[in-house]
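Residue numbers (our numbering): 183 to 391.
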């Protein structure tokens with residue numbers, strides 16, 4: 183909602199149209215009929231009864247959308263310390279949605295992109311935890327760092343997130359931090375790789391001008 187102060191909702195076709203996460207908050211996943219369906223030409227919205235923020239009468243709204251695999255997921259099983267879950271990937275767009283159940287131990291997750299990811303955004307679904315973000319241009323050693331999507335915190339050196347291990351063209355690594363891989367808790371990971379002529383990720387140093 184661009185007219186009023188409302189929360190940002192994140193909804194995807196792996197978790198389901200009624201499953202909401204809020205990118206400005208650490209809340210666990212909730213169920214609301216904000217998006218009711220993903221369609222071939224867009225998406226359908228539910229009734230906004232007042233100040234819910236997804237379809238308020240007369241208010242301006244904006245939505246950002248990435249296509250993964252048309253909502254079709256592939257399941258993968260837990261293997262040792264490597265989490266199990268589901269994946270849907272669009273290699274043309276360099277984008278994957280991955281759901282996992284944590285193992286509480288250092289493991290790897292296949293992302294299906296066939297290229298090294300530059301951004302990984304992780305969120306625990308079952309409990310209230312901050313969003314964890316890996317960015318390939320964050321620092322000179324980005325694999326050691328975590329950014330927090332829902333706070334104003336500076337980047338933090340924390341090996342318990344992505345295990346101080348850079349992602350590869352096939353997998354990324356998660357350690358034991360609550361935000362990424364607590365045993366038996368559920369997660370979603372949004373993974374982006376750059377595609378020539380389509381997407382690019384970087385950083386800059388400001389000069390105040």
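Glycine residues also receive a C-beta, built at the ideal position from the N, C-alpha and C atoms.
Integer Cβ distance of residue i from residue j, believed to fall under 8 Å
{"i": "residue 216", "j": "residue 206", "result": "Contact doesn't hold; Cβ gap of about 15 Å is too wide."}
{"i": "residue 327", "j": "residue 335", "result": "Not quite, the Cβ-Cβ distance comes to about 11 Å (not below 8 Å), so this is no contact."}
{"i": "residue 278", "j": "residue 314", "result": "So it is not a contact: roughly 16 Å between Cβ atoms."}
{"i": "residue 290", "j": "residue 266", "result": "Not really, about 12 Å apart at Cβ, beyond 8 Å."}
{"i": "residue 309", "j": "residue 210", "result": "5 Å"}
{"i": "residue 371", "j": "residue 302", "result": "6 Å"}
{"i": "residue 293", "j": "residue 362", "result": "Residue 293 to residue 362, Cβ: 14 Å. No contact."}
{"i": "residue 299", "j": "residue 375", "result": "5 Å"}
{"i": "residue 329", "j": "residue 320", "result": "6 Å"}
{"i": "residue 312", "j": "residue 333", "result": "6 Å"}
Buried versus exposed call for residue i [16 or more other C-beta atoms within 10 Å across all chains shown]
{"i": "residue 284", "result": "buried"}
{"i": "residue 184", "result": "exposed"}
{"i": "residue 222", "result": "exposed"}
{"i": "residue 236", "result": "buried"}
{"i": "residue 380", "result": "exposed"}
{"i": "residue 252", "result": "exposed"}
{"i": "residue 368", "result": "buried"}
{"i": "residue 386", "result": "exposed"}
{"i": "residue 240", "result": "exposed"}
{"i": "residue 194", "result": "buried"}
{"i": "residue 196", "result": "buried"}
{"i": "residue 359", "result": "buried"}
{"i": "residue 345", "result": "buried"}
{"i": "residue 378", "result": "exposed"}
{"i": "residue 214", "result": "exposed"}
{"i": "residue 389", "result": "exposed"}
{"i": "residue 271", "result": "buried"}
Limits of the beta strand (DSSP E) - the one that residue i falls within
{"i": "residue 317", "result": "314-317"}
{"i": "residue 418", "result": "Outside the displayed range of the chain (183 to 391) lies residue 418, so it cannot be described from this structure."}
{"i": "residue 270", "result": "266-272"}
{"i": "residue 378", "result": "That residue, residue 378, is in no beta strand (DSSP E); it is neither H nor E in DSSP."}
{"i": "residue 193", "result": "Note, residue 193: premise wrong, no beta strand (DSSP E); not H, not E."}
{"i": "residue 282", "result": "277-283"}
{"i": "residue 261", "result": "No beta strand (DSSP E) holds residue 261; DSSP gives it neither H nor E."}
{"i": "residue 304", "result": "301-306"}
Bridge partner(s) assigned by DSSP for residue i
{"i": "residue 292", "result": "353"}
{"i": "residue 372", "result": "279, 303"}
{"i": "residue 257", "result": "268"}
Original post:
What are the complete beta strand (DSSP E) segments, minimum 3 residues, inside the segment 323-369?
Top reply: 327-330, 353-356
Subject >> Entirely enclosed beta strand (DSSP E) segments - the segment 204-250, minimum 3 residues >> reply: Within the segment 204-250, complete beta strand (DSSP E) segments of at least 3 residues are found at 217-221, 224-227, given in chain order.
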